[in-house]
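*Asks:* Provided herewith is a single structure, encoded as structure tokens, for subsequent inquiry.
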Amino acid sequence: MSAPELACNVEAVPGPRPGPASRPFWDGCAAGELRVQRCTACAEISVLPAMRCAGCGATALVWEATAGRGALYSWTVVHRPQSPAFAVPYAPAIVRLDEGAMVMSAVIGCTADDLHDGMRLRVVFRALTDGSVCTGTVLPFFEPDPNPPTPTHPEDLHGRH
Ligand SMILES: [Zn+2]
312 MSAPELACNV EAVPGPRPGP ASRPFWDGCA AGELRVQRCT ACAEISVLPA MRCAGCGATA
372 LVWEATAGRG ALYSWTVVHR PQSPAFAVPY APAIVRLDEG AMVMSAVIGC TADDLHDGMR
432 LRVVFRALTD GSVCTGTVLP FFEPDPNPPT PTHPEDLHGR H
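Heads up, the working numbering is the position in the sequence shown plus 311, with the first residue counted as 1.
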């Protein structure tokens with residue numbers, strides 16, 4: 312028996328509640344962009360919405376779109392969800408974006424057996440629904456990248472510095 316496809320949980324599951332700091336991130340998802348915050352003082356980037364840079368404390372943060380590509384850094388496969396709203400199995404994951412930031416998401420479009428360290432992934436967006444009605448919130452997921460970039464450094468094969 313082959314492993315089941317990983318679930319894409321978008322139906323009647325708890326969604327995010329965007330605040331002033333995170334609104335640009337969710338607006339980006341709705342526009343088909345995975346955005347990060349870049350500090351214009353020290354160039355540090357982060358996907359965790361903040362009012363100040365975690366690196367230098369500056370407030371000069373700007374949102375910018377990423378290419379939405381990266382490598383699987385860490386993951387787990389959930390078979391017993393905390394809420395019955397979630398279909399299983401699903402795979403929460405940390406993806407290291409090619410821009411360098413780590414983003415928390417979930418992998419879809421493959422089975423748990425396919426997941427491996429450094430696996431090339433690309434972002435894909437799915438709208439949350441309440442039953443069949445779209446709630447207006449769009450979530451970023453990651454799926455296997457059919458056209459991964461050619462690594463320029465051997466370390467890139469593993470998605471690490
Ligand atoms: Zn900074």
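Glycine residues also receive a C-beta, built at the ideal position from the N, C-alpha and C atoms.
The structure presented is a predicted model; accordingly, all values stated were derived computationally and were not measured.
Between residue 326 and ligand 1, is there a pair consisting of the residue's CB and a ligand heavy atom that are separated by less than 6 Å?
*Replies:* Residue 326 Cβ: outside cutoff for every heavy atom of ligand 1.
*Asks:* Going by the DSSP bridge assignment, what does residue 416 pair with across the sheet?
*Replies:* For residue 416, which the question treats as bridged, DSSP gives the partners 404.
*Asks:* Which residue wins for smallest C-alpha separation from residue 504, given the options 350, 420 and 408?
*Replies:* Only positions 312 to 472 of the chain appear in this structure, which leaves residue 504 out of reach.
*Asks:* Quick check: the Cα distance between residue 373 and residue 415, rounded to an integer number of angstroms?
*Replies:* Distance between the alpha carbons of residue 373 and residue 415: 20 Å.
*Asks:* Is DSSP giving residue 451 helix, strand or coil here?
*Replies:* DSSP places residue 451 in strand when its eight states are reduced to three.
*Asks:* Please return the same chain residues whose Cβ sits closer than 8 Å to the Cβ of residue 321, not counting the five positions on each side in sequence.
*Replies:* Excluding sequence neighbours, residue 321 sits near 437, 438, 439, 440 and 450.
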